[in-house]
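Position 186, counted from 1, in the sequence shown is what this note's numbering calls 186; the numbers after and before it change by one each time, with no gaps. Each remark here refers to the structure printed beneath this line.
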Amino acid sequence: EMKSSGIIEKFNSILQEDEKIPHELRSLIERLLILTSDEEGDDWLLEFKDGASEDETVVCILAHLRMITNKDDDHHVDTSSLMQNSLRAIRKFSSSRAVQESACKVLACLYSSNQRQTGAEQSYIDVLEAVEVSLREHQNCHTVVAAASSVISNMCTTCITPADEEPSQILSDTFYTIILEVVNAMELCIDDITAAEQTSGALWALCNAKPSLVVSLGTINPGKSNAINVLIDAMKKFPSSIELHRNAIGVMHS
């Protein structure tokens, strides 16, 4: 689509004609040209470069996201490396909404039913701790909140629920910590239906993975902003959202 609209051609023309383009912008355009190239062997796609800027990192993440979501793409993606690189990007650019949202979308895709990842419990903890950073640093950004919440939902649904054994104390503690962030983010983004649906889905998935968390919900933000009250408020605000109501009822009946 970018090629057919002429955007790529314009970028290439600017790159050739303007020698005063800032270095970071030039690097970003060069990466974009590589991304849209028909040539094979674009090895930069296989690994994030350590010195990449925030913009370059976003382009690289989106390139990988395109490859793992496009069924007609023949590129081979090392999902293990992609996951580790996405986690590093989240930690390195914690203040960047674009990086957080894009990286969380990659992680959510990797933990979807189509790309199911399996691993040791520590790998789940690493991902949840990274997603916690996204939620904590960007609680007011509904797109980041929705993307981060979808990671939690997918992971808990495809990898942890139903659990073969009781989660370790460390993983249980991680569940409790992140459920606090999900509830806080849900309250702050309650006016956005997508964020409300995804956060409620994350709460339901967490409660399925660790049923005792349901009891904890009643003690989070005691008073008017109690977690259960936040769910009820969201249901009232979006009465036609089947997904939200299903998630909320699922939490309350867990």
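Yeah, the Cβ is synthetic: ideal placement off N, Cα and C, and Gly gets one too. Just so we're clear, the structure is a prediction, and the values are computed from it rather than from any experiment.
Please list, in chain order, all residues of the same chain as residue i whose beta carbon is under 7 Å from its beta carbon, the five residues on each side excluded.
i	result
ASN184	GLN139
SER134	ILE90, GLN100, CYS104, VAL144 and ALA148
ILE170	ILE125
SER96	GLU54
THR289	This structure does not reach residue 289, given that the chain is present from 1 up to 254, and the question cannot be answered.
SER269	Since the first and last residues shown for the chain are 1 and 254, residue 269 lies out of range.
SER172	LYS210
ASP192	HIS142
Within 10 angstroms of the Cβ of residue i, are there 16 or more other Cβ atoms? Answer buried if so, exposed if not.
i	result
GLU166	exposed
THR177	exposed
ALA63	buried
GLN122	exposed
HIS142	buried
ASP74	Reliability of the predicted coordinates at ASP74 is poor, the pLDDT of 48 falling under 50, and the value obtained from them is presented with this limitation in mind. With fewer than 16 other Cβ atoms within 10 Å, it is exposed.
ILE242	exposed
LEU244	buried
By Cβ distance below 8 Å, which residues in the same chain neighbour residue i in space, the five residues on each side in sequence not counted?
i	result
ALA190	It should be pointed out that residue 190 corresponds to Ile in this sequence rather than to Ala. So the list reads ALA196, VAL230, ASP233, ALA234 and LYS237, once near-sequence residues are dropped.
GLY41	At GLY41 the pLDDT is 40, less than 50, meaning the model places this residue with poor confidence; the figure from the coordinates comes in the next sentence. Here the set comprises nothing.
LEU65	SER102, LYS105, VAL106 and CYS109
VAL182	LEU135, SER149, ILE152, THR199, ALA202, LEU203 and LEU206
Quick one: residues in its chain with C-beta nearer than 6 Å to the C-beta of residue i, no 5 flanking neighbours on either side, listed in chain order?
i	result
ALA146	THR194, ALA195 and GLN198
VAL151	CYS104, LEU107, ALA108 and VAL131
LEU188	GLN139 and ASN140
ASN247	SER200, GLY201 and TRP204
SER94	VAL133 and GLU137
ASP153	Reading off the sequence shown, one finds Ser at residue 153, where the question assumed Asp. If we look at SER153 and ignore the five residues flanking it on each side, its Cβ neighbours are GLY201, ALA202 and ALA205.
CYS207	LEU213, VAL214, VAL251 and SER254
SER81	none
PRO239	none
THR186	Going by the sequence as given, residue 186 is Met instead of Thr. Here the set comprises THR199 and VAL230.
Since residue i and residue j should fall inside the 8 Å C-beta cutoff, what is the C-beta to C-beta distance between them, to a whole number of angstroms?
i	j	result
LEU265	ALA227	Since the first residue shown for the chain is 1 and the last is 254, residue 265 is missing from the structure and cannot be characterised.
TYR111	THR79	So it is not a contact: roughly 10 Å between Cβ atoms.
ILE61	SER102	4 Å
VAL58	ALA98	5 Å
Return yes when at least one heavy atom of the ligand MG lies under 7 Å from the C-beta of residue i, else no.
i	result
VAL59	For the ligand MG, the structure offers nothing, since it holds no ligand at all.
Length-filtered (3 minimum) beta strand (DSSP E) runs lying within the segment 132-218: none
Starting from the N-terminal side, write out each stretch of the alpha helix (DSSP H) that is 4 residues or longer and does not extend beyond the segment 81-111. 97-110
Run through the segment 221-254 for me and flag every whole alpha helix (DSSP H) of 4 or more residues, listed as ranges in chain order. 227-237 and 242-252
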